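Novice: Dropping a structure here in structure tokens format, bear with me for questions.
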Amino acid sequence: MAVEASDGPASFKRSSASKSNQLHSEMRNSASDRKESLLEKKIPKCDDSEDEEDNMSLSAIRMKVTHDNDKKATPNALKKSYDDSDDDDIPLSARLPHNTNLGESTLSVKRPLDEIGSLHSSSKKSKLSNPGSSINAKQISVKSDAKVEEEEDDDDIPISGKMNKVVKLVDKPSSSKKLKNVTKVNKGAAPSFKKKEKVKKSGNESEQLSSGDGQKKWTTLVHNGIIFPPPYKPHGVKILYKGKPVTLTPEQEEVATLFAVMRDTEYMQKEIFKDNFWNDWRELLGENHVIQNLKDCDFTPIYDWCQIEKDKKKQMSLEEKKALREEKIKQEEKYMWAIVDGVKEKVGNFRAEPPGLFRGRGVHPKMGKLKRRIRPNDVVINIGKDAPIPECPIPGESWAEITHDDTVTWLAKWRDPIKPNKLKNVSLAASSSWKGQSDKEKYQKARMLKSYIGNIRAAYTKGFTSKDITKQQIAVATYFIDKLALRAGNEKDDEEADTVGCCTLKVENVTAEGHNKLKFDFLGKDSIKYENTVEVELPVYKAILKFQKDKQPGDDLFDKLDTSILNAHLKELMPNLTAKVFRTFNASFTLDDMLNKETKDGDVAEKTAVYQHANKQVAIICNHQRSVSKNHSAQISKLNEKIDELQAVLKELKIDLDRARKEKPPLKRSSDGKNKRNLNPEAIEKKIAQTSAKIEKMQRDIHTKEDLKTVALGTSKINYLDPRITVAWCKRHEVPIEKIYTKTLLEKFAWAMDVDPDFRF
DNA sequence: TGAGCAACTTAGCATCTGTCTA
DNA sequence: TAGACAGATGCTAAGTTGCTCA
Numbered sequence: 001m002a003v004e005a006s007d008g009p010a011s012f013k014r015s016s017a018s019k020s021n022q023l024h025s026e027m028r029n030s031a032s033d034r035k036e037s038l039l040e041k042k043i044p045k046c047d048d049s050e051d052e053e054d055n056m057s058l059s060a061i062r063m064k065v066t067h068d069n070d071k072k073a074t075p076n077a078l079k080k081s082y083d084d085s086d087d088d089d090i091p092l093s094a095r096l097p098h099n100t101n102l103g104e105s106t107l108s109v110k111r112p113l114d115e116i117g118s119l120h121s122s123s124k125k126s127k128l129s130n131p132g133s134s135i136n137a138k139q140i141s142v143k144s145d146a147k148v149e150e151e152e153d154d155d156d157i158p159i160s161g162k163m164n165k166v167v168k169l170v171d172k173p174s175s176s177k178k179l180k181n182v183t184k185v186n187k188g189a190a191p192s193f194k195k196k197e198k199v200k201k202s203g204n205e206s207e208q209l210s211s212g213d214g215q216k217k218w219t220t221l222v223h224n225g226i227i228f229p230p231p232y233k234p235h236g237v238k239i240l241y242k243g244k245p246v247t248l249t250p251e252q253e254e255v256a257t258l259f260a261v262m263r264d265t266e267y268m269q270k271e272i273f274k275d276n277f278w279n280d281w282r283e284l285l286g287e288n289h290v291i292q293n294l295k296d297c298d299f300t301p302i303y304d305w306c307q308i309e310k311d312k313k314k315q316m317s318l319e320e321k322k323a324l325r326e327e328k329i330k331q332e333e334k335y336m337w338a339i340v341d342g343v344k345e346k347v348g349n350f351r352a353e354p355p356g357l358f359r360g361r362g363v364h365p366k367m368g369k370l371k372r373r374i375r376p377n378d379v380v381i382n383i384g385k386d387a388p389i390p391e392c393p394i395p396g397e398s399w400a401e402i403t404h405d406d407t408v409t410w411l412a413k414w415r416d417p418i419k420p421n422k423l424k425n426v427s428l429a430a431s432s433s434w435k436g437q438s439d440k441e442k443y444q445k446a447r448m449l450k451s452y453i454g455n456i457r458a459a460y461t462k463g464f465t466s467k468d469i470t471k472q473q474i475a476v477a478t479y480f481i482d483k484l485a486l487r488a489g490n491e492k493d494d495e496e497a498d499t500v501g502c503c504t505l506k507v508e509n510v511t512a513e514g515h516n517k518l519k520f521d522f523l524g525k526d527s528i529k530y531e532n533t534v535e536v537e538l539p540v541y542k543a544i545l546k547f548q549k550d551k552q553p554g555d556d557l558f559d560k561l562d563t564s565i566l567n568a569h570l571k572e573l574m575p576n577l578t579a580k581v582f583r584t585f586n587a588s589f590t591l592d593d594m595l596n597k598e599t600k601d602g603d604v605a606e607k608t609a610v611y612q613h614a615n616k617q618v619a620i621i622c623n624h625q626r627s628v629s630k631n632h633s634a635q636i637s638k639l640n641e642k643i644d645e646l647q648a649v650l651k652e653l654k655i656d657l658d659r660a661r662k663e664k665p666p667l668k669r670s671s672d673g674k675n676k677r678n679l680n681p682e683a684i685e686k687k688i689a690q691t692s693a694k695i696e697k698m699q700r701d702i703h704t705k706e707d708l709k710t711v712a713l714g715t716s717k718i719n720y721l722d723p724r725i726t727v728a729w730c731k732r733h734e735v736p737i738e739k740i741y742t743k744t745l746l747e748k749f750a751w752a753m754d755v756d757p758d759f760r761f
């Protein structure tokens, strides 16, 4: 079956960045070529089996290519294989000492990751080396292959095991005596799920892939709750109202201070921000307060006081700063860890959000509103039934509720004071097994789409001309999501910024410009502008004109569609397929494709430049933008000045070289006023080379800075690029993984470090 | 069937921290 | 050794998705 129309996918050019988008277009063409061959020739062997083969460890590669990077975390030390923990029949908790009490000194030091690896690894090797588990030999249809891929890859199975009845209790905080008792009860508890067994029994493909909503996520869960910001300390600095100092109560002063420190931000230029602040602050001031409007308030004294405090902090000695940091760590240490089924895991956000003024993005109707202080009685704690209930850190107060819900992964939650129908959750850090497993499942699903994409594209191409308007809209929307990496686009209420995604595009967001060109112009997530002019296939162009006919600005372009209809349709095409999978698929596919086409022989710097280039293309595809930093132009000017100076030096050196060759002394004084030494021609040539290299480096820096000033590379690296592509490429090309990933990302992607060097997305 | 909710992921900006340079 | 700077990390807003219930 043909995957694309014979003339290939539409070529896309973003008006604002034509060069890069031409590349984008080329990439897509090449990508589709490859996909087509995949369908016609059947998918190659499923790569997960490659994970199971013996492969050169990353640490070995690092030893080969780096000798001077010892201070950084070694990937070997960071290996924390989920494969290991998942595959064993022995529950993790059974392999770790029970009765582990969080917050005790035994847990005050982070368990080294290599130790975690050693806890799990022994039984893995034997299983992984089992040739019988390889799926290389399987040559079956595309869909079957994809299914096999899932089944063979044990790691894709949700952590969750059997369904467990949710037990909910409402407890009051217990005494320490009670905590000890509960800990003892916990001693005997052991996780009972066996993932591997579950998979083999289950014949339901989608169930295997699902992240397991409503399924049991843990058996034992121990943690210490969350920490709250210290109470407000009044400073007593008065604001001026009509030029006269006004005394405020501590509550009024606290909110005034939150406003004062916003002086240099763009929020202060927005009337909604100031209006919302005034409404909330006025309530605190009371009706008969001397302050009757915001316009006559001068917050400068508080602003100045804050600046002085900031400077004082800056001026502290290194020792003082270090002491403060250590004190903070000491206070927070016990909140930083949780024990899940006997495994110590890092907690992500264990601090309650401090009070502040709401900083909604774009034109948000609630910006400037007071986000009140979160108190323990706002917070629901989720913890193991037998675990000690965390002590409430604020004396005299208590948690809102204690639950023991083993079907969720949050440790604590509270209602967002700004949007009361939204919850804020405290969960494990990105480096945790839960997040790692979920990440891997995400990439496996995206990888699975590779096997289906040909059929999906053929289906939506057919749908472009469907007489059923709903089917036609689904087809065009899917095309946009696939080709332009648009987000699904849920409905939003009036209390949010007015942004759109694919399903919520308005008539005015897409303009037909003739010659099959469509101009997209809208605000997407975070009110980031999406502006792109693309050439589409003729039936798509015609369909858009049809959808716009007889509609007014403000009307929905896809009036027969919403995200649930779209996703329901996608699920008919591939198990568990949703709109967002396309973004992951296209991002990872592009990286894989570009790295493999563009990496040439060269030094590490050249190879990392190739990676950065590919990363940038993905960021452009996903429309990951950032605002130009405040001092960008200053930095560029400074670099240009330095280049000018160096060029003057270079000029002088060339004269000196000329003179030296004629055995004449250098010019008496150099341009910077310093006396010069008498150097031989070789030494001057060396200096010339060094100076030229400096100039070249600075010119490259300027180019890179300009090139990336509005592109955010991090978002795609963290959320869209399958780390196995990166790790395998690093292994193949002897690039130290530390050149690509920070320490934190190495921890987050620990599950990917064992990948075979031949891995392809 | 659709609204509302809950859970979790994705996102950009602010702040912190470590390194480089004068 | 201080200040500048870049990169790393933290924070929290803003999405997507799936489920429940009327």
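Letter 510 of the first sequence, counting from 1, is numbered 510 in the UniProt record's numbering, and no numbers are missing. A virtual CB, placed ideally from N, CA and C, is assigned to each residue, including glycine. Predicted model only: the values in this text are computed from it and were never measured.
Suppose the cutoff is 6 Å on Cβ atoms and the five residues either side in sequence are ignored; what does the same chain contact list for Val261 look like?
Specialist: As a working note, residue 261 is residue 261 in the first sequence. Same-chain partners within the cutoff: Cys306.
Novice: Between which two residues does the beta strand (DSSP E) carrying Arg415 extend?
Specialist: For this step, residue 415 is matched to residue 415 along the first sequence. Unbroken beta strand (DSSP E) run through Arg415: 412 to 415.
Novice: Should Lys717 be labelled buried (16 or more other beta-carbon atoms within 10 Å of its own) or exposed?
Specialist: Position 717 of the first sequence, counted from the start, is the residue given in the question as residue 717. It counts as buried.
Novice: What alpha helix (DSSP H) runs, 4 residues minimum, are completely inside the stretch 598 to 685?
Specialist: 604 to 621, 632 to 661
Novice: Would you kindly report the start and end of the unbroken alpha helix (DSSP H) that includes Tyr443?
Specialist: For this step, residue 443 is matched to residue 443 along the first sequence. Per DSSP, Tyr443 is one residue of the alpha helix (DSSP H) stretching across 433 to 463.
Novice: Could you tell me which whole alpha helix (DSSP H) segments of length 4 or greater appear in the stretch 235 to 276?
Specialist: DSSP runs (the alpha helix (DSSP H)) wholly in the stretch 235 to 276: 250 to 260.
Novice: Relative to the C-alpha of Asn276, which residue among Val290, Met698, Leu294 is closest?
Specialist: Indexing the first sequence from 1 puts residue 276 at position 276. When only C-alpha atoms are compared, the closest one is Leu294.
Novice: Sort Ala477, Asp304, Lys739, Ile272 by Cα distance to Glu496 and report the nearest one.
Specialist: Working through the first sequence from its first residue, we reach residue 496 at position 496. Considering only alpha carbons, the answer is Ile272.
Novice: Do you know how far the Cα of Val536 is from the Cα of Ser25?
Specialist: Within the first sequence, the letter at position 25 stands for residue 25. Within the first sequence, the letter at position 536 stands for residue 536. Bear in mind that a pLDDT of 36 at Ser25, under 50, signals an unreliable position, so the number given afterwards is only what the model happens to contain. If you take the alpha carbons of Ser25 and Val536, they lie about 12 Å apart.
Novice: Does DSSP classify Ile718 as helix, strand or coil?
Specialist: Taking the first residue of the first sequence as position 1, residue 718 is located at position 718. In the structure shown, Ile718 sits in a helix (DSSP, three-state: H, G or I).
Novice: In this structure, does DSSP put Asp83 in helix, strand or coil?
Specialist: Taking the first sequence and counting its residues from 1, the one referred to as residue 83 is at position 83. Unreliable placement is indicated for Asp83, whose pLDDT of 36 sits below 50; no coordinate value is reported for it.
Novice: According to DSSP, is Arg375 part of a helix, a strand, or is it coil?
Specialist: Reading the first sequence from its first residue, position 375 is the one you call residue 375. Looking at Arg375 - three-state DSSP - the assignment turns out to be coil, as it is neither helix nor strand.
Novice: Which whole runs of the beta strand (DSSP E) in the stretch 477 to 514 are 3 residues long or more, in chain order?
Specialist: 510 to 512
Novice: Taking the alpha-carbon positions, what's the Lys413 to Val347 distance?
Specialist: Position 413 of the first sequence, counting from 1, holds the residue named residue 413. Position 347 of the first sequence, counting from 1, holds the residue named residue 347. The straight-line gap separating the alpha-carbon atoms of Lys413 and Val347 is approximately 13 Å.
Novice: Quick one: grab the DSSP three-state call for Phe522.
Specialist: Residue mapping note: residue 522 aligns to position 522 of the first sequence, counting from 1. Phe522 falls in the strand class under three-state DSSP.
Novice: For Ile725 and Asn719, I'd like the C-alpha separation in whole angstroms.
Specialist: For the purposes of this step, residue 725 is identified with residue 725 of the first sequence, where counting begins at 1. For the purposes of this step, residue 719 is identified with residue 719 of the first sequence, where counting begins at 1. About 13 Å.
Novice: Let's test the definition: count the other Cβ atoms within 10 Å of the Cβ of Ala384 and tell me whether it reaches 16, buried, or not, exposed.
Specialist: Numbered from its first residue, the first sequence carries residue 384 at position 384. Position check: residue 384 holds Gly in this sequence, whereas Ala was assumed. Buried: at least 16 other Cβ atoms inside 10 Å.
Novice: Exposed or buried, what is Ile394 when buried is set at 16 or more other beta-carbons lying within 10 Å of its beta-carbon?
Specialist: As a first step, residue 394 must be located in the first sequence, where it is residue number 394. By the 10 Å Cβ count, Ile394 comes out exposed.
Novice: Helix, strand or coil: how does DSSP classify Arg325 here?
Specialist: Along the first sequence, one-based indexing puts residue 325 at 325. Helix.
Novice: Taking Cβ to Cβ, would you say Cys503 is nearer than 7 Å to Leu486?
Specialist: Translated into positions along the first sequence, residue 503 becomes position 503. Translated into positions along the first sequence, residue 486 becomes position 486. No, the Cβ-Cβ distance between Cys503 and Leu486 is not below 7 Å.
Novice: Does DSSP put Asp529 in a helix, in a strand, or in coil?
Specialist: As a first step, residue 529 must be located in the first sequence, where it is residue number 529. Going by the sequence as given, residue 529 is Lys instead of Asp. In this structure, Lys529 counts as strand in the three-state DSSP scheme.
Novice: Within the same chain, show all residues whose beta-carbon is closer than 6 Å to that of Thr409, passing over the 5 residues directly before and after it, in chain order.
Specialist: Locating residue 409 in the first sequence gives position 409, where the first residue counts as 1. Cβ neighbours of Thr409 within its own chain (closer than 6 Å, five residues either side excluded): Lys217, Ser427, Trp434.
Novice: For the stretch 535 to 578, which segments carrying the beta strand (DSSP E) assignment without a break, of at least 3 residues, lie completely within its bounds, in sequence order?
Specialist: none
Novice: Going by other Cβ atoms of all chains shown within 10 Å of its Cβ, with 16 needed for buried, is Ser588 buried or exposed?
Specialist: Taking the first sequence and counting its residues from 1, the one referred to as residue 588 is at position 588. The residue is buried, with at least 16 neighbouring Cβ atoms inside 10 Å.
Novice: Where DSSP assigns a beta bridge to Asp298, which residues make up the other side?
Specialist: Counted from its first residue, the first sequence places residue 298 at position 298. According to DSSP, which records beta bridges pairwise, Asp298 is partnered with Leu240.
Novice: Considering only C-alpha positions, which residue in the set Glu508, Ser527, Gly524, Asp526 is nearest to Leu518?
Specialist: Translated into the one-based positions of the first sequence, residue 518 becomes position 518. If we check each option's Cα against that of Leu518, Glu508 comes out closest.
Novice: Helix, strand or coil for Asn516, going by three-state DSSP, please let me know.
Specialist: As a first step, residue 516 is located in the first sequence; it is residue number 516 there, counting from the start. Residue state, collapsed to three classes: coil.
Novice: Between the beta-carbon of Thr563 and the beta-carbon of Ala488, is there less than 7 Å?
Specialist: Along the first sequence, read from residue 1 onward, the residue named residue 563 stands at position 563. Along the first sequence, read from residue 1 onward, the residue named residue 488 stands at position 488. Yes; because the gap between Cβ atoms is below 7 Å, this pair is in contact.
Novice: As a quick exercise: from Cys730, Val735, Leu639, Glu606, pick the residue whose alpha carbon is nearest that of Met698.
Specialist: Start at 1 with the first residue of the first sequence, and residue 698 comes out as number 698. Closest option to Met698, Cα to Cα, is Leu639.
Novice: If you run the structure through DSSP and keep just helix, strand and coil, what is Leu423?
Specialist: Sequence index remark: in the first sequence, residue 423 carries index 423 (1-based). It is a strand residue.
Novice: Compare the beta carbon distance of Thr584 and Asn567 with 7 Å and say whether it is the shorter of the two.
Specialist: For the purposes of this step, residue 584 is taken as residue 584 along the first sequence, with counting starting at 1. For the purposes of this step, residue 567 is taken as residue 567 along the first sequence, with counting starting at 1. Result no, Cβ atoms of Thr584 and Asn567 do not sit closer than 7 Å.
Novice: Put Thr710 into one of helix, strand or coil per three-state DSSP.
Specialist: As a working mapping, residue 710 is identified with position 710 in the first sequence. Three-state DSSP puts Thr710 in coil, outside helix and strand.
Novice: Which class does Arg700 belong to by DSSP, given the choice of helix, strand or coil?
Specialist: Against the first sequence, residue 700 aligns to sequence position 700. If DSSP states are grouped into helix, strand and coil, Arg700 belongs with the helices.
Novice: Grab me the residues of Val711's own chain with a C-beta within less than 8 Å of its C-beta, minus the 5 sequence neighbours each way, in chain order.
Specialist: Here the question's residue 711 lines up with position 711 in the first sequence. Only Lys616, Ala619, Ile620, His624, Gln625, Arg626 meet the Cβ criterion.
Novice: Count the other C-beta atoms from every protein chain shown that fall within 10 angstroms of the C-beta of Glu682, then say buried if there are 16 or more, exposed otherwise.
Specialist: Translated into the one-based positions of the first sequence, residue 682 becomes position 682. Around the C-beta of Glu682, fewer than 16 other C-beta atoms lie within 10 Å, and the residue is accordingly described as exposed.
Novice: DSSP state of His223, grouped into three classes?
Specialist: As a first step, residue 223 must be located in the first sequence, where it is residue number 223. His223: strand per DSSP, three-state reduction.
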